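**Student:** Can you keep this structure in mind? I'll have questions shortly.
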Amino acid sequence: MDSMITNPIYCGDFVYQRYYVTDTITGRMTENRGELPQYTIKDDHPAIVSREDWDAAQQIMNNRSENRKGSKKRRHDRKEFFNVFHCSECGAPVIHVRSSKGGVHYWRCRTAEKKYLEETCEVRGFREVSIEHTFMALLQEMKKDDGFRDNIRQALKELIPNESERKQLEQVKEDMQQLYYKLYDTVEEGEQQGGDPTQIKEITGQIVFLQNQIYDFENREQNCLEAEKDLEWFLEELEGIQEFKPDKERIEFRPDIFSKIVEKGVIHPDGRIVYDLKFGMQLTATGNEKMVWRLKMKRKARKKKK
């Protein structure tokens, strides 16, 4: 009975890739919980259960689920991942998806998830725990790399405006001041003799253009100052990252580090994530093909008593 009210095949629908092969040698099948795209073909074959009875059964199950104690879905707290990832294949944002069974959290290309769109993307979804795991493994690689600290400091240094750019900024300010003088003269002449509104609009547009250049420079300079502080904090925290064996165990994810250092990430079909760090450096976290969620969490080392 449970199968008849949970499997859409009984109401005449066919769900393509509801299950998929995980082992081509043994032919082992696994339920698809977001790893691969699914497609529903309505009225594919004669129904055993009428559409009305099927829909009514779904409504009853939903009502029972909502009435169960503790059945309310807790708001997802991995906010650090939102608006960060994009798909390497189609460029669409990678969005959060929760499986209907087990409540497992995935991150998947929005185009691949929205099956009704004309555009398609076949990139599978990735478990949130896998993204967390590969990021922590990447942090460990940074920690063990003797040249990493010098390299990332140099990358940030190259983002800071240099002397040549500062001279260009002074020239921009001077040019803008001259345009203001020109604007005043043009407006005054117009009041006396009836000036050309087109000329005033043109001068104003030039002033706005130069002002935006100044704003961009000042924002960049401010961001670099904040990045310098964040970098020193990060390097100090990096020293405290617990060492572990990524192929055998996991350690607790550090959302504070992720949000401080990651600007954006591009997820590839093989699980690789190319991160753009806020310090002007790009690094790649290698996808783990093993079932990361089955790895045991390594215990934190106990602090020695003084």
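Numbering-wise, UniProt numbering puts 192 at position 192 of the sequence shown, and it's gapless, one number per residue.
We put the beta carbon where it would ideally sit given N, CA and C, even for glycine.
From a predicted model like this one, the values you see are computed outputs, not experimental measurements.
Please identify the residue among 49, 108 and 137 whose C-alpha is closest to the C-alpha of residue 248.
**Tutor:** In the sequence shown, counting from the first residue as 1, residue 248 sits at position 248. Checked all of 49, 108 and 137; the closest Cα to residue 248 is 137.
**Student:** In whole angstroms, what separates the C-alpha of residue 287 from that of residue 130?
**Tutor:** For the purposes of this step, residue 287 is identified with residue 287 of the sequence shown, where counting begins at 1. For the purposes of this step, residue 130 is identified with residue 130 of the sequence shown, where counting begins at 1. Each residue's alpha carbon lies about 8 Å from the other.
**Student:** Whole angstroms is fine: what's the gap from residue 161's alpha carbon to residue 217's?
**Tutor:** Counted from its first residue, the sequence shown places residue 161 at position 161. Counted from its first residue, the sequence shown places residue 217 at position 217. Distance between the alpha carbons of residue 161 and residue 217 is about 8 Å.
**Student:** Which of the three DSSP states is assigned to residue 109 in this structure?
**Tutor:** On the sequence shown, position 109 is the one that residue 109 refers to. Residue state, collapsed to three classes: strand.
**Student:** Is residue 204 helix, strand or coil when you go by DSSP?
**Tutor:** Numbered from its first residue, the sequence shown carries residue 204 at position 204. The answer is helix: DSSP assigns residue 204 an H, G or I state.
**Student:** What are the boundary residues of the alpha helix (DSSP H) that residue 150 is part of?
**Tutor:** Numbered from 1 along the sequence shown, position 150 holds the residue referred to as residue 150. Residues 148-159.
**Student:** Below 9 Å between beta carbons: does that hold for residue 252 and residue 296?
**Tutor:** Counted from its first residue, the sequence shown places residue 252 at position 252. Counted from its first residue, the sequence shown places residue 296 at position 296. Contact flag unset, no.
**Student:** Are at least three pairs of beta-carbons, each pair with one atom in the segment 49-57 and one in the segment 225-234, less than 8 Å apart?
**Tutor:** Flag = no, the segment 49-57 and the segment 225-234 do not touch.
**Student:** Have a look at residue 294 and residue 31 and give me their C-alpha separation to the nearest angstrom.
**Tutor:** The residue labelled residue 294 in the question sits at position 294 within the sequence shown. The residue labelled residue 31 in the question sits at position 31 within the sequence shown. Their backbone Cα atoms lie some 17 Å apart in a straight line.
**Student:** Can you tell me whether residue 123 is buried or exposed? The criterion is at least 16 other CB atoms within 10 Å of its CB, across all chains shown.
**Tutor:** Position 123 of the sequence shown, counted from the start, is the residue given in the question as residue 123. Burial call: buried.
**Student:** Smallest Cα separation from residue 177: which of 154, 208, 155 and 197?
**Tutor:** The residue labelled residue 177 in the question sits at position 177 within the sequence shown. Checking every option, the nearest Cα to that of residue 177 belongs to 208.
**Student:** Would you say residue 183 and residue 200 are within 9 Å of each other, going by their C-beta atoms?
**Tutor:** Translated into the one-based positions of the sequence shown, residue 183 becomes position 183. Translated into the one-based positions of the sequence shown, residue 200 becomes position 200. Yes, Cβ-Cβ distance for residue 183 and residue 200 is below 9 Å.
**Student:** For residue 76, does the three-state DSSP call read helix, strand or coil?
**Tutor:** For this step, residue 76 is matched to residue 76 along the sequence shown. Residue state, collapsed to three classes: coil.
**Student:** Should residue 105 be labelled buried (16 or more other beta-carbon atoms within 10 Å of its own) or exposed?
**Tutor:** Along the sequence shown, one-based indexing puts residue 105 at 105. Buried, because 16 or more other Cβ atoms sit within 10 Å of the Cβ of residue 105.
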